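K.L.:
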Amino acid sequence: MQLKWLADLQAVVDGGSFKAAAELRHVTAPAFGRRLKALEQWAGVPLFEPGSQPPRLSAAGQRLCEQGRATTRELELLRQELGMAGQGEQLVRLVTGRTLAHSVVADALAPLMRRKDAPLVQVMTRLMNEASEMLERGEVDILLSYHHPVLALRLDGRRYLQARGADDRLVPVLHGHAGKALPRLLAYDPGQALGRLLDDHLAHLRGLPPLALGMRCDSVDSLREYAMRGMGLAWLPLSMVAADLRAGTLSLWGEPAWQIPFETRLFRRKKPPSAAVAQVWEALLAHSRRG
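What follows is the structure, encoded as structure tokens:
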């Protein structure tokens, strides 16, 4: 059995037809058909429902496809680990969101990075769904994400360890000397985790006066700056604006029930981590305990 046959099977699922799958795999249709037939012969059972259009995997085909994805991920992870060992580097690959990267990650890793034995850390920023897929594919060692029922990541608890991070909340704030007129809403991009969280909250919140949308932005720092300049109302992390609230440059708006509690979560594979990954994991956990 050849590993490329498993990728062929997945291509049928992704492409929706044998012709589209062959194009995805950059082979001719006859050659693609021969490879699928060879995979069926190896499995010893039909992998597709007879006569189904578009092609639909049989129960055995679905099981083989799922196991094939997992096996391919594990082999890719092994290849990367062997490559790292051959280079003699203690690289830790951390994926998170942009806001968490320059807030939680910066605060948590600053003490570790000042040590002589600090590992090499590669920080990547992605949207949360893409970040979780990177962890599943073995492309990163640690995932730091926001956590809330609206944002829950569906990672297999049998394969991944998770740890609770710091508690926080999105609080509605506006310029400290804003007038009494109803402010315009400064919202997140809907593709962001905080954007999905806020949009869901506003859709189900009772008693909130209707807010006209003034702006959407994919940068929480920019939204804070817009609120500071009196451009509207923004729901921002309390950890970010606590000092602004104490100084009076920003003010809380509305009722306490209009605030949105959330937390951060850490994820990694359950298998014993390398010493470098363990160092970074413990640094992130220690920051959560302090916070």
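Note that our numbering gives residue 292 to position 267 of the sequence shown, counting from 1, and the numbers run on in steps of one. Yeah, the Cβ is synthetic: ideal placement off N, Cα and C, and Gly gets one too. On a predicted model such as this, the values are computed, not experimentally measured, just so you know.
Hey, could you find the ends of the alpha helix (DSSP H) S313 is sitting in?
P.N.:
Here residue 313 refers to the residue found at position 288 of the sequence shown. From DSSP, the alpha helix (DSSP H) with S313 extends over 300-315.
K.L.:
Can you tell me where the beta strand (DSSP E) holding E164 begins and where it ends?
P.N.:
Taking the sequence shown and counting its residues from 1, one reaches residue 164 at position 139. From DSSP, E164 is part of no beta strand (DSSP E); its letter is neither H nor E.
K.L.:
Would you kindly report the start and end of the unbroken beta strand (DSSP E) that includes M240?
P.N.:
Reading the sequence shown from its first residue, position 215 is the one you call residue 240. 238-242 is the extent of the beta strand (DSSP E) around M240.
K.L.:
Just to confirm before moving on: does the CB-CB distance between D192 and E288 stay below 8 Å?
P.N.:
By 1-based counting over the sequence shown, the position of residue 192 is 167. By 1-based counting over the sequence shown, the position of residue 288 is 263. Their beta carbons are under 8 Å apart, which means D192 touches E288 by this criterion.
K.L.:
Looking at the strands, I want to know which residues DSSP matches up with M149.
P.N.:
The residue labelled residue 149 in the question sits at position 124 within the sequence shown. Paired residues: V120.
K.L.:
Over what stretch of residues does the beta strand (DSSP E) that includes S247 continue unbroken?
P.N.:
By one-based count along the sequence shown, residue 247 stands at place 222. DSSP places S247 outside any beta strand (DSSP E); the residue lies instead in the alpha helix (DSSP H), whose first and last residues are 245-253.
K.L.:
Between the C-alpha atoms of R241 and S170, what's the straight-line distance to the nearest angstrom?
P.N.:
Against the sequence shown, residue 241 aligns to sequence position 216. Against the sequence shown, residue 170 aligns to sequence position 145. Those two C-alpha atoms are separated by around 21 Å.
K.L.:
Can you tell me the Cα-Cα spacing of P281 and V120, whole angstroms?
P.N.:
By one-based count along the sequence shown, residue 281 stands at place 256. By one-based count along the sequence shown, residue 120 stands at place 95. So the two alpha carbons sit approximately 32 Å from each other.
K.L.:
Tell me R262's beta-bridge partners as DSSP assigns them.
P.N.:
In the sequence shown, the residue the question calls residue 262 occupies position 237. The identity of residue 262 in the sequence shown is Pro, whereas the question assumes Arg. Partner(s): L195.
K.L.:
Got a sec, what are the start and stop residues for the alpha helix (DSSP H) P55 sits in?
P.N.:
For this step, residue 55 is matched to residue 30 along the sequence shown. Unbroken alpha helix (DSSP H) run through P55: 54-68.
K.L.:
At a cut-off of 7 Å, is F73 close to the ligand NAD when judged by its beta-carbon and the heavy atoms of the ligand?
P.N.:
This structure lacks the ligand NAD; in fact it carries no ligand of any kind.
K.L.:
Take P197 as the anchor and find which of V70, W283, R294 has the nearest alpha-carbon.
P.N.:
The sequence position of residue 197 within the sequence shown is 172, counting from 1. The shortest Cα separation from P197 among V70, W283, R294 belongs to W283.
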